[in-house]
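Input: a single structure, listed below in structure tokens.
Numbering (the numbering used here), first residue to last: 756 to 939.
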């Protein structure tokens with residue numbers, strides 16, 4: 756059993772306590788999500804000694820490059836700075852959630868560095884994406900799946916989130932004025 760804890764630094768709990776009780780459990784983590792190190796592909800795992808021993812027998816001798824090693828060491832040496840950033844993201848995530856709710860969105864509970872929000876009724880995420888892009892705000896939408904009326908908002912700095920919320924308010928007013936139709 757593999758448990759992906761890529762976003763664990765933003766969550767209130769983790770599964771480490773289960774490792775020694777379940778010899779078939781492998782917990783995987785990465786520096787990609789919460790340490791802004793996606794490009795270097797540095798990750799690690801926790802498991803029962805039996806499963807770790809079996810993995811060591813088949814591991815690649817060159818499983819991490821020098822750049823990845825340097826980034827990993829730097830992250831571990833400056834973990835306190837990242838922990839402060841994690842607290843900031845949790846705070847901003849909550850603040851942005853409340854603001855979006857006031858604008859008529861529904862927001863899926865999140866323990867990550869992003870939000871999945873359903874846009875107000877009668878609107879589509881792709882229209883929100885286009886309208887926000889015109890204001891230099893980049894978000895993701897999902898036009899080809901069942902989430903076409905949702906947007907994904909990454910949590911950034913307080914200043915970035917203030918700009919996003921101000922733009923979202925303007926878009927919301929524009930959509931109300933134009934009855935949900937985005938004018939290009």
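Cβ coordinates follow ideal geometry from the N, Cα and C atoms, glycine included. Note that the coordinates shown come from a computational prediction; the quantities given were computed from them, not determined experimentally.
Here residue 868 is buried, its C-beta having at least 16 other C-beta atoms within 10 Å. Residue pairing from DSSP places residue 798 in a beta bridge opposite 785. Between the alpha carbons of residue 831 and residue 792 lies a gap of roughly 12 Å. Distance from the CA atom of residue 814 to the CA atom of residue 804, rounded to whole angstroms, is 15 Å.
Beyond the five residues adjoining it in sequence on each side, residue 879 comes within less than 6 Å, by CB distance, of 903 and 904 in the same chain, given in chain order.
DSSP lists 873 as the bridge partner or partners of residue 905. Counting only the Cα atoms, residue 786 lies some 11 Å from residue 829.
Around the C-beta of residue 834, fewer than 16 other C-beta atoms lie within 10 Å, and the residue is accordingly described as exposed. Every alpha helix (DSSP H) stretch that sits fully inside the segment 807-837 and reaches 4 residues is listed by chain position as 821-832. In the DSSP assignment, residue 758 is bridged to 782. Annotated as proximal: residue 848 and residue 870, with beta-carbon spacing under 8 Å. DSSP, read as helix, strand or coil, puts residue 896 in strand.
For residue 865, no alpha helix (DSSP H) run applies, since DSSP gives it neither H nor E. Between the C-alpha atoms of residue 800 and residue 929 there is a straight-line separation of about 48 Å. With contacts defined as CB atoms closer than 8 Å, residue 907 and residue 894 qualify as a contacting pair.
Within the DSSP bridge table, the entry for residue 929 names no partner. Looking at the DSSP output, residue 861 shares a beta bridge with 873. Taken through DSSP and simplified to helix, strand or coil, residue 847 comes out as helix.
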